[in-house]
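Heads up: the structure comes next, in structure tokens.
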Amino acid sequence: MTTTHLPFLSIDPASRRVSLDGRNPDFYRDPNPVYAALHAHCPTFWWEEQKMWYFTGYDHVNGLLRDRRFGRQILHVATREELGLPEPQAHLAHFDAAEAWSLLELEPPEHTRLRTLVNRAFVSRMIEKLTPEISALCHEAIDRFEKDGKVELLSAFADILPVTMIARMIGIPDEMGPQLLKWSHAYVRMYMFGRTHADEIAADRAAEEFSAYVRGVIAERRADPRDDLLSHMVHTEHRGQLLTEDELISTTIVLLNAGHEATVHQIGNAVRTILENGADPSVLFAGGKATERTVEECLRISAPVHIFDRFALEDVELDGIHFRRGDKVAMILAAANLDPRKFTDPLVFMPDRNEGANLSFGAGIHFCIGAPLARLELNIALPILFQRLPNLRIAKKPVVKDVYHFHGLEALELEW
1 MTTTHLPFLS IDPASRRVSL DGRNPDFYRD PNPVYAALHA HCPTFWWEEQ
51 KMWYFTGYDH VNGLLRDRRF GRQILHVATR EELGLPEPQA HLAHFDAAEA
101 WSLLELEPPE HTRLRTLVNR AFVSRMIEKL TPEISALCHE AIDRFEKDGK
151 VELLSAFADI LPVTMIARMI GIPDEMGPQL LKWSHAYVRM YMFGRTHADE
201 IAADRAAEEF SAYVRGVIAE RRADPRDDLL SHMVHTEHRG QLLTEDELIS
251 TTIVLLNAGH EATVHQIGNA VRTILENGAD PSVLFAGGKA TERTVEECLR
301 ISAPVHIFDR FALEDVELDG IHFRRGDKVA MILAAANLDP RKFTDPLVFM
351 PDRNEGANLS FGAGIHFCIG APLARLELNI ALPILFQRLP NLRIAKKPVV
401 KDVYHFHGLE ALELEW
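Counting from 1, one number per residue, gives the positions in the sequence shown under full-length UniProt numbering.
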């Protein structure tokens, strides 16, 4: 192994083996220098601790996300026995049931059927109608703390906007927001490196409670439909079929979780990026186009979701590596956004760059269905925040979440 200037990272370019402690705070607090080292020495690598192949190159990640030889599920083409996969664990029964029909985990034709039903609500022309409501929520949140001269941004602003908007779209009352956040935070720890048995128990309990709540709302919408997404999903047929209750529960949970979790992190990441780089908000948000470029650059350099994985659905070779059916492969989206072959000076915040799309929302059939909503929320929330609080600055060192995969802040103390 070749030891880098980072003590928790060793790279052997010849064998493409990498040793990296994903739980090291120096890594997950600022993974970008690690990504730069990987691009320099070993953009495709075997991660010793995770026992999987990882891709960081922009072209490889972009291609993998679209490659139908790889998929999010494998048991539709092979059995557990064939692949040597363990049986489901009893203590995760509720979590597994909630995930069984998740859009994030399915492949066609089931994925196509479910996504078709919900896609209409998330197309840009529908989402743009939410602009006044998003703007009002931002101003209401700032009204509550503007006079204080200081704020913890995540709890007072970033948490509130995305969860309230996705809940309203689905048909969940605003007052459920805090509980939805608790369930979601417990739920998504299942996706983290080094999760503990206690994390799994908490996630399963959250899935059980979350599912029970959603089941109750579904029953209400069956009896009394409203003008919301859940009523649409309950009562709309696709090729003569209604969604089953299990499909409705999984779809609602994934929309609620994915519809706010990443955006919460991205608001915090973007504000931190702008303030730490000393950028002039009056220039960054001088108009619609400038704001859009700023948001995209924040998404590129400080993406909220770093890793997605796929199963090889058949034997396949990629970048000189032979994968057998059932092998898992991972893509680091945030590292692909920093590929120097794609982006000039990739570690530098350059809002006026025009070098192509970032991969923060993925690509292919699993491209984030909520991307238009997330982008709209960011394009509205960030200008309002910096215009209302023109002397905004970081008051204390930001507290980064103690996990890798979702990259975000636990707390961001600001003052003005």
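Yeah, the Cβ is synthetic: ideal placement off N, Cα and C, and Gly gets one too.
Spatially closest choice to residue i from the options, by CA coordinates
i      : options                           : result
Ala186 : Arg144, Glu297, Ala198 and Glu276 : Ala198
Pro386 : Ala290, Val271, Glu317 and Asp174 : In the sequence as displayed, the identity of residue 386 is Phe instead of Pro. Nearest option by C-alpha distance: Val271.
Leu382 : Tyr213, Val77 and Ser282          : Ser282
Glu82  : Gly320, His139, Arg324 and His94  : Arg324
Val254 : Asn24, Glu99 and Glu296           : Glu99
Met169 : Val118, Asp143, Phe157 and Leu153 : Val118
Ala158 : Gly259, Thr236 and Gly287         : Gly259
Arg215 : Thr244, Arg341, Glu415 and Gly240 : Thr244
Arg341 : Lys328, Gly356 and Asp26          : Gly356
His366 : Asp30, Ala212, Ile127 and Gly71   : Gly71
Leu409 : Leu153, Ser102 and Asn354         : Leu153
Cβ neighbour criterion (16 or more within 10 Å) applied to residue i
i      : result
Thr263 : buried
Ser302 : buried
Ser124 : exposed
Asn391 : exposed
Lys396 : exposed
Ser231 : buried
Ser250 : buried
Leu252 : According to the sequence as given, residue 252 is Thr; it is not Leu. The residue is buried, with at least 16 neighbouring Cβ atoms inside 10 Å.
Phe311 : buried
Pro398 : buried
Leu114 : buried
Leu85  : exposed
Lys289 : exposed
Ala141 : buried
Cβ-Cβ distance between residue i and residue j below 9 Å
i      : j      : result
Phe349 : Asn269 : no
Ala203 : Arg189 : yes
Tyr28  : Asp309 : no
Arg300 : Asp352 : no
Tyr54  : Phe193 : no
His139 : Glu107 : no
Ala334 : Tyr35  : yes
His238 : Thr44  : no
Leu65  : Ala363 : yes
Pro162 : Glu415 : no
Arg144 : Leu313 : no
Endpoints, alpha helix (DSSP H) assigned at residue i
i      : result
Leu299 : Gly288 to Ile301
Ile170 : Ile160 to Ile170
Glu82  : Arg80 to Leu83
Glu276 : Glu261 to Glu276
Ile380 : Ala371 to Arg388
Residues of its chain near residue i, where Cβ-Cβ distance is below 7 Å and the 5 sequence neighbours each way are ignored
i      : result
Phe183 : Per the sequence shown, residue 183 should be read as Trp rather than Phe. Result list for Trp183: Ala206, Glu209 and Phe210, in chain order.
Asn32  : Leu338 and Leu347
Arg222 : Val234
Ser135 : Ile380 and Ile384
Cys42  : Ile11, Pro13, Arg16 and Val18
Met176 : Ala167
Beta-carbon proximity list for residue i, same chain, < 6 Å, skipping 5 on both sides
i      : result
Gln266 : Pro304
Leu229 : Ala121, Met169 and Ile170
Pro132 : none
Boundaries (first-last residue) of the beta strand (DSSP E) holding residue i
i      : result
Thr44  : Thr44 to Trp47
Ala223 : Careful: Ala223 lies outside any beta strand (DSSP E), inside the alpha helix (DSSP H) at His197 to Ala223.
His322 : Ile321 to Phe323
Leu106 : Looking at the DSSP string, Leu106 is not in any beta strand (DSSP E), and its letter there is neither H nor E.
Met52  : Met52 to Phe55
Arg310 : Ile307 to Ala312
Ala90  : From DSSP, Ala90 is part of no beta strand (DSSP E); its letter is neither H nor E.
Met331 : Lys328 to Ile332
9 Å Cβ cutoff, residue i in contact with chain B
i      : result
Glu209 : Absent from the structure: chain B. Only one protein chain is present.
8 Å Cβ shell around residue i - same chain, five flanking residues per side excluded
i      : result
Gln50  : Gly22, Phe193 and Ala330
Phe406 : Val188, Tyr191, Met192, Glu261, Ala262, His265, Pro304, Val305 and His306
Gly8   : The sequence given here has Phe at residue 8, not Gly. Excluding residues within five positions, the ones whose Cβ falls inside 8 Å are Leu20, Asp21, Asn24, Asp26 and Phe27.
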